[in-house]
Amino acid sequence: MNATGRKAPAQRCPAALAAEHLRIGLEHCGVAADVREGHSVALVSIWTNLVVWTDGLAYRWWTGKISPKTGRRLYRVYGVDNPATVAHCVAQRYEELRKASCRFEGLAERTS
86 MNATGRKAPA QRCPAALAAE HLRIGLEHCG VAADVREGHS VALVSIWTNL
136 VVWTDGLAYR WWTGKISPKT GRRLYRVYGV DNPATVAHCV AQRYEELRKA
186 SCRFEGLAER TS
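If you read the sequence shown in our numbering, its first letter stands for residue 86, the second for the next number, and so on.
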């Protein structure tokens, strides 16, 4: 372990490494995120209803949409080979959620 309490890169599972690469990419986009790992998966927590999970092969997160055919959530999936591109896509989703949150808060203030 290093001074921050994190395992050295050679000791971390592929999912944790992929999650950390995404966290760094998000940081470059101006988006703060937190990484949690365990049981061969890792989660990158960004915002309410925006958590990216990875098994070290792909990143997955909810698009905010529901399939009209099945009624199930629709997820976006990207390979882990380009975390900078994924970070950009996740940052766009983050902005959508932030804007929706601001609209909701403004509506709540007007109705109370």
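The beta carbon of each residue, even a glycine, is placed where N, CA and C say it ideally should be. Quantities reported herein were computed from a predicted structural model and do not represent experimental measurements.
Identity of the residue in the options nearest residue i by Cα
i	options	result
Gln177	Val126, Cys98, Trp146, Asp119	Trp146
Glu112	Arg183, His173, Cys187, Leu182	His173
Ser125	Asn134, Leu102, Asn167, Thr155	Leu102
Val165	Ala127, Ala117, Arg121	Ala127
Cys114	Cys187, Arg183, Ala169	Ala169
Tyr163	Asn134, Gly156, Val171	Val171
Asn161	Lys154, Asn167, Lys150	Residue identity check: residue 161 is Arg in the sequence provided, not Asn. When each option's Cα is compared against that of Arg161, the closest is Lys150.
Cys187	Arg97, Thr133, Lys154	Thr133
Glu207	Lys154, Thr148, Arg158, Ser152	This structure does not reach residue 207, given that the chain is present from 86 up to 197, and the question cannot be answered.
Burial state of residue i, where buried means 16 or more other Cβ atoms lie within 10 Å
i	result
Gly123	exposed
Ala185	exposed
Leu192	In this predicted model, Leu192 has a pLDDT of only 48, less than 50, meaning its place in the structure is not dependable enough to derive any value.
Ile131	buried
Ala117	exposed
Leu159	exposed
Assigned secondary structure, residue i (DSSP; H/G/I helix, E/B strand, else coil)
i	result
Gly164	strand
Gly110	helix
Val116	coil
Arg184	Strictly speaking, residue 184 in this sequence is Lys, with Arg absent from that position. The answer is helix: DSSP assigns Lys184 an H, G or I state.
Leu159	strand
Arg145	strand
Arg178	helix
Thr139	strand
Item to complete: Could you tell me whether the segment 97-113 touches the segment 134-148, where touching means 3 or more Cβ pairs closer than 8 Å?
Response: yes
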